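For reference, the structure is listed below as structure tokens.
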Amino acid sequence: MDNPDEGMEQPDFPGPILFYNEEVIDHFTNPRNVGELTEAETDGYGLVGDPSCGDQMKLWIQVRQNRIEKIAFKSFGCPGAIATSSMLTELAQGKPVEEAKSITDDDVVEALGGIPERKKHCSLLGVMALQAAIRDWESRGSAGGGSQQ
Amino acid sequence: MIYLDHNATTPLDRRVLDAMTPYLTEQWGNSSSPYRFGNQARIALENARARVAACIGAAADEIVFCASGTEADNLAVRGVAAALRERGNHIVTSSVEHHAVLHTCRALEAEGYRVTYLPVDRDGLVDIEELERNLTPGTILVSVMHANNETGVLQPVGEIARIARERGIVFHSDAVQTAGKLPGMLCHTGADLLSFSAHKFYGPKGVGALYVRRGTPLLARITGGPHEHGLRAGTENVPGIVGLAAALALAVESAGTEAPGSARLRDRFESLVLQTIPGARINGNGAPRVANTSNLSFDAVDGESIVLGLDLSGICISTGSACSTGDPEPSHVLLAMGLSPKEAQGSVRVSLGRHTVAAEIDAAASALERTVARLRAISSL
């Protein structure tokens, strides 16, 4: 018998099914820039939590000539949180700090080719962690010159 | 695919499909029609009713068919609440019920009923003394599930039934996770009302039943025709009901041999996990449990990430109730058992079935070990 659902696109409906696309699954399975920077390497550090779902993220940056030279993260959370954190680090890596600052959660979601509607809040976590790390870098007073300790 | 989520649903047994097929094809009559063709459907319906009754130790007129376990729960809780509104407005239930009962009780609170949600201990058991303390002259219903869908923990329903009966309070138990799984007749629990659902025991989806002990005050929640002794209007789903009866008969027949085999595999799985994954914990293992269910917690990882990790290896498990997948709130059952939100977030449910074999258990335990290790390496906790 013909299956009427065969070849149908997964609809983005608010039901219980959480469908992740290949790109999201790839970033969940092989997250980029996972790990920690040593204290000597770190110019900025951010730790943020999402009170709505308990997810948590830590993010480290190393800045050279106002550019994000190195970035690393660790994340406790759902697949959406892991994948969006990973994609965020890819977007920020190598960018001038000023540019990295303006990365939005929508940019992360778009780069991943979309995530389920109810997982969109996850993508905020990475953006918030990056902004916290940049604020930390700024507060260390090395902004403008680049740190060369 | 290795399927270890039988508390969510089970495959339709081929023999059940064969029993249903005539009523999906040639015998499509309406069981309420006044001619012989309709009467054939009526006979199938009433035979199914008698068969279900015999499986649980009830009389045929004590079985009401409906569309799901959730609907059976709704009929029981709302139906008793409506029937006894004049006598009282207090309902006692547990904090670990399925949402079918829990959310129904919350809805009744909005209608002016008072509901007590009994706490449970670390193993998920309701405290009998706490139950007794909370019963008042205005208490009209106690609803406590037989086995929990997330942990498999069996509540002391016999004891609860005795306490309720002594005080003339109606007792309902959601038996969706025990029907066809436990040896022995469900009616021997002493409950006045028992809900169950065909697709949990290798029957079709979209059909459930409520056992209603004779004399139990109950009002229909779906009104219309006089179907199902006036307790549930709507043309009966004859193929589904025939399937429910056939599936329950098969499950009850084999429960005595399947349950011990399932318990052995479950124990093997749990000891593998405890041996290979540091810090793994089994929730509810200090209480009696149905043989097929295992609920596990792992530090510093998220349950949904474990589920996806195993899914990518072709293994189906879940974070808890399929009915709340994607809900960012951690399991209300595990929170009620005293787990912290973080511990509850790192929990998964594995539920075995009739066809589960040792090789599948071993593969799942090994995939779980790899996945948890990988996620812990990523984890910020």
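Protein sequences, first through last, are from chains A and B. Just so it is clear: in the first sequence, position 56 is 56 by my numbering, and no numbers are missing. Just so it is clear: in the second sequence, position 288 is 288 by my numbering, and no numbers are missing. For glycine and all other residues, C-beta sits at the position ideal for the given N, C-alpha and C. Values in this document were obtained by computation on a predicted structure and should not be read as measured data.
1. Just the chain B side, please: which residues come within less than 8 Å of residue 57 (chain A) by C-beta, in chain order?
2. Closer than 8 Å is the cut-off here; do at least three beta carbon pairs connect the region 110 to 119 of chain B with the region 200 to 218 of chain B?
3. Going by CA-CA distance only, name the one from B:74, B:288, B:66 and B:174 that's closest to residue 205 (chain B).
4. Return the chain-ordered ranges of every beta strand (DSSP E) run that is complete within the region 149 to 175 of chain B and spans a minimum of 3 residues.
5. If distances are taken between C-alpha atoms only, which option among A:105, A:81, A:107 and A:59 comes closest to residue 25 (chain A)?
6. Return helix, strand or coil for residue 16 (chain A), following the three-state DSSP convention.
7. Spell out the partners DSSP gives residue 146 (chain B) in its beta bridges.
8. Could you work out which residues of chain A lie near residue 300 (chain B), taking near to mean beta carbons separated by less than 7 Å?
9. Measure the C-alpha to C-alpha separation of residue 3 (chain B) and residue 78 (chain A) and round it to an integer number of angstroms.
10. Can you pull the chain A residues whose beta carbon is under 9 Å from the beta carbon of residue 312 (chain B), in chain order?
11. Measuring CA to CA, which of B:52, B:166, B:174 and B:169 is closest to residue 144 (chain B)?
12. Return the CA-CA distance between residue 232 (chain B) and residue 357 (chain B), expressed in angstroms with no decimal places.
13. In whole angstroms, give me the CA-to-CA distance for residue 18 (chain B) and residue 226 (chain B).
14. Among B:192, B:68 and B:268, whose alpha-carbon lies nearest the alpha-carbon of residue 100 (chain B)?
15. Excluding the 5 residues preceding and the 5 following residue 62 (chain B) in the sequence, name in chain order all residues of the same chain whose CB lies nearer than 8 Å to its CB.
16. List the residues of chain B that residue 113 (chain A) touches, going by C-beta distances under 8 Å, in chain order.
17. Please confirm whether residue 118 (chain B) and residue 151 (chain B) have their CB atoms less than 9 Å apart.
18. Kindly list the residues whose CB is nearer than 7 Å to the CB of residue 249 (chain B), restricted to its own chain and excluding five residues on each side of it in sequence; keep chain order.
19. Which residues in chain A sit within 7 Å of residue 181 (chain B), going by Cβ to Cβ distance?
20. For the putative contact between residue 78 (chain B) and residue 116 (chain B), defined by C-beta atoms under 8 Å, what is the C-beta separation to the nearest angstrom?
21. For residue 46 (chain A), does the count of other Cβ atoms within 10 angstroms reach 16, so buried, or fall short, so exposed?
22. Let me see if you follow: with CB-CB separation under 9 Å, is residue 34 (chain A) close to chain B or not?
23. Is residue 7 (chain B) closer than 9 Å to residue 149 (chain B) when the C-beta atoms are compared?
24. Could you list which residues in chain B have their beta carbon closer than 9 Å to that of residue 82 (chain A), in chain order?
25. List, in chain order, every chain B residue whose beta-carbon is nearer than 8 Å to that of residue 202 (chain A).
26. So, with DSSP's three-state summary, where would you put residue 43 (chain B)?
27. How far does the alpha helix (DSSP H) with residue 240 (chain B) in it reach, from first residue to last?
28. Rounded to whole angstroms, what's the CA-CA distance from residue 188 (chain B) to residue 307 (chain B)? Just pull it up for me.
29. Can you check whether the C-beta of residue 126 (chain A) is within less than 9 Å of a C-beta belonging to chain B?
30. Spell out a yes or no on whether the region 358 to 365 of chain B and the region 260 to 269 of chain B are touching, meaning 3 or more CB-CB pairs, one atom from each, closer than 8 Å.
31. From the beta carbon of residue 47 (chain A), is the nearest beta carbon of chain B less than 9 Å away?
32. Going by C-alpha to C-alpha distance, which of B:21, B:72, B:64 and B:191 sits closest to residue 169 (chain B)?
33. Is there at least one Cβ from chain A nearer than 9 Å to residue 341 (chain B)'s Cβ?
34. Please confirm whether residue 344 (chain B) and residue 335 (chain B) have their CB atoms less than 9 Å apart.
The structure says:
1. In the first sequence, residue 57 (chain A) corresponds to position 57, counting from 1. Residues of chain B passing the Cβ test: 380.
2. Contact between the region 110 to 119 of chain B and the region 200 to 218 of chain B is absent: fewer than 3 CB-CB pairs across the two stretches fall below 8 Å.
3. Stepping through the second sequence from its first residue, residue 205 (chain B) is reached at position 205. Closest option to residue 205 (chain B), Cα to Cα, is B:66.
4. If we require 3 residues or more, the beta strand (DSSP E) runs fully inside the region 149 to 175 of chain B come out as 170 to 174.
5. Along the first sequence, one-based indexing puts residue 25 (chain A) at 25. Nearest option by C-alpha distance: A:81.
6. Along the first sequence, read from residue 1 onward, the residue named residue 16 (chain A) stands at position 16. Because the pLDDT of residue 16 (chain A) is 41, which lies under 50, any placement of that residue in the model is unreliable, and the number read from its coordinates should be weighed accordingly. Correct three-state label for residue 16 (chain A): coil.
7. As a working mapping, residue 146 (chain B) is identified with position 146 in the second sequence. DSSP lists no partner for residue 146 (chain B).
8. For the purposes of this step, residue 300 (chain B) is identified with residue 300 of the second sequence, where counting begins at 1. Chain A residues near residue 300 (chain B): 76.
9. Translated into positions along the second sequence, residue 3 (chain B) becomes position 3. Translated into positions along the first sequence, residue 78 (chain A) becomes position 78. Near 22 Å, if we compare the C-alpha coordinates of residue 78 (chain A) and residue 3 (chain B).
10. Taking the second sequence and counting its residues from 1, one reaches residue 312 (chain B) at position 312. Ordered by position in chain A, the residues that pass the 9 Å Cβ test against residue 312 (chain B) are 25, 28 and 29.
11. The residue you call residue 144 (chain B) lines up with position 144 of the second sequence. Comparing alpha-carbon positions, the option among B:52, B:166, B:174 and B:169 lying closest to residue 144 (chain B) turns out to be B:174.
12. As a first step, residue 232 (chain B) is located in the second sequence; it is residue number 232 there, counting from the start. As a first step, residue 357 (chain B) is located in the second sequence; it is residue number 357 there, counting from the start. Annotation: residue 232 (chain B) to residue 357 (chain B) spans about 40 Å, alpha carbon to alpha carbon.
13. The count along the second sequence starts at 1 and reaches residue 18 (chain B) at position 18. The count along the second sequence starts at 1 and reaches residue 226 (chain B) at position 226. C-alpha of residue 18 (chain B) to C-alpha of residue 226 (chain B): approximately 29 Å in a straight line.
14. The count along the second sequence starts at 1 and reaches residue 100 (chain B) at position 100. Comparing Cα-Cα distances from residue 100 (chain B) to each of B:192, B:68 and B:268, the minimum goes to B:68.
15. Numbered from its first residue, the second sequence carries residue 62 (chain B) at position 62. So the qualifying residues of the chain are 53, 211, 212, 213 and 214.
16. For the purposes of this step, residue 113 (chain A) is taken as residue 113 along the first sequence, with counting starting at 1. The premise fails here: residue 113 (chain A) is roughly 17 Å from chain B at the closest Cβ pair, so nothing lies under 8 Å.
17. For this step, residue 118 (chain B) is matched to residue 118 along the second sequence. For this step, residue 151 (chain B) is matched to residue 151 along the second sequence. No, these two residues do not count as a Cβ contact at 9 Å.
18. Here residue 249 (chain B) refers to the residue found at position 249 of the second sequence. Same-chain partners within the cutoff: 51 and 55.
19. For the purposes of this step, residue 181 (chain B) is identified with residue 181 of the second sequence, where counting begins at 1. In chain order: nothing, as chain A lies at least about 24 Å away.
20. Here the question's residue 78 (chain B) lines up with position 78 in the second sequence. Here the question's residue 116 (chain B) lines up with position 116 in the second sequence. Their Cβ separation, rounded to whole angstroms, is 17 Å, which puts residue 78 (chain B) and residue 116 (chain B) out of contact at 8 Å.
21. Residue numbering aside, residue 46 (chain A) sits at position 46 when the first sequence is read from its first letter. Residue environment: residue 46 (chain A) is assigned as buried (16 or more neighbouring CB atoms within 10 Å of its CB, all protein chains considered).
22. As a position in the first sequence, residue 34 (chain A) is number 34, starting the count at 1. A Cβ of chain B is located within less than 9 Å of the beta carbon of residue 34 (chain A).
23. Here the question's residue 149 (chain B) lines up with position 149 in the second sequence. Here the question's residue 7 (chain B) lines up with position 7 in the second sequence. Yes, Cβ-Cβ distance for residue 149 (chain B) and residue 7 (chain B) is below 9 Å.
24. As a first step, residue 82 (chain A) must be located in the first sequence, where it is residue number 82. In chain order: 302, 305, 375 and 378.
25. The structure shown has nothing for residue 202 (chain A), since chain A only spans 1 to 149.
26. Counting from one through the second sequence, the residue named residue 43 (chain B) turns up at place 43. In this structure, residue 43 (chain B) counts as helix in the three-state DSSP scheme.
27. Numbered from 1 along the second sequence, position 240 holds the residue referred to as residue 240 (chain B). Looking at the DSSP string, the run of the alpha helix (DSSP H) that includes residue 240 (chain B) is 238 to 276.
28. On the second sequence, residue 188 (chain B) is found 188 positions in, with the first residue counted as 1. On the second sequence, residue 307 (chain B) is found 307 positions in, with the first residue counted as 1. Residue 188 (chain B) and residue 307 (chain B): Cα-Cα distance of roughly 37 Å.
29. Stepping through the first sequence from its first residue, residue 126 (chain A) is reached at position 126. Interface annotation, residue 126 (chain A): not in contact with chain B, CB-CB separation never under 9 Å.
30. Segments in contact, yes.
31. Here residue 47 (chain A) is taken as the residue at index 47 of the first sequence, counted from 1. Interface residue, yes.
32. Within the second sequence, numbered from 1, the residue matching residue 169 (chain B) stands at position 169. Of B:21, B:72, B:64 and B:191, the residue nearest in Cα terms is B:191.
33. Walking along the second sequence from the start, residue 341 (chain B) turns up at place 341. Judged by the 9 Å Cβ criterion, residue 341 (chain B) is in contact with chain A.
34. Against the second sequence, residue 344 (chain B) aligns to sequence position 344. Against the second sequence, residue 335 (chain B) aligns to sequence position 335. Judged by their CB atoms, residue 344 (chain B) and residue 335 (chain B) are nearer to each other than the 9 Å cut-off.
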